[in-house]
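Anchor point for the sequence shown: position 135 equals 356 in our numbering, and the numbering is continuous, going up by one each time.
Yeah, the Cβ is synthetic: ideal placement off N, Cα and C, and Gly gets one too.
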Amino acid sequence: MDDTKELDIEDYKQLKTTDIAKHLDIAESTVRKYAQVLEKQGYQFRKDPTLGRIYTSIDELAINELIKLRKDAKIGLDMAAEIVATRRSNENKNISPIQTVQPLKKQDFLMEDMKSLLHDMQYIKENQVSKDKVNYVVETVEKVLDANNNLQKENEILKGKLDTMLETQQKMYEIMDKAQKEKKDGIWKRIFG
222 MDDTKELDIE DYKQLKTTDI AKHLDIAEST VRKYAQVLEK QGYQFRKDPT LGRIYTSIDE
282 LAINELIKLR KDAKIGLDMA AEIVATRRSN ENKNISPIQT VQPLKKQDFL MEDMKSLLHD
342 MQYIKENQVS KDKVNYVVET VEKVLDANNN LQKENEILKG KLDTMLETQQ KMYEIMDKAQ
402 KEKKDGIWKR IFG
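What follows is the structure, encoded as structure tokens:
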């Protein structure tokens, strides 16, 4: 059995904002917001004579892809819209209402998984650079703290030596005062005896 199917007019039936909101389980205002952001990125919706958007099931798929990108890849609305608009514009350049389309295969899903994994690895790599910077700062702070600790130890040693020198000096003054006193006492004792 051939896995290909032809898109027929059913795939291009007109949908309202309420239909898409109901199918994707989002608010109508969100559908309009997503459509507006997609248009800013170059995605083209069909318009009625009043310039209102006419949605198709393909547009619904684009909005669903936008939602999935935001949720799974955790990227911003504008970035997700740019990706969807780029993909869809490349895919839909020469699509007519009736054209043979291959259904998604397991390989397509694996490719999406690989893209998601690549995105995760890039995120980790970017954060690894940040971790290296943080590690550098931590190592530098540790070196400064070690140097500070060494200075404190040296200060304690120098303080101990200074205290010893002051004690020795104090003892020397006491001995000199005692000797001076004995010398004075010696003269008075000799005179008054």
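Beta carbon of residue i, beta carbon of residue j: below 9 Å?
i	j	result
A294	L259	no
L245	D280	no
R291	T238	no
Y255	I304	no
T271	K234	no
I284	V252	yes
Give the range of the alpha helix (DSSP H) segment to which residue i is assigned.
i	result
D236	The sequence given here has Leu at residue 236, not Asp. Neither: L236 is in no alpha helix (DSSP H) and is coded neither H nor E.
I284	278-293
Who pairs with residue i in a beta bridge, going by DSSP?
i	result
I275	R267
Between the segment 300-312 and the segment 255-269, do three or more beta carbon pairs fall short of 8 Å? yes
If we require 4 or more residues per run, which alpha helix (DSSP H) segments fall completely within the segment 241-272? 249-261
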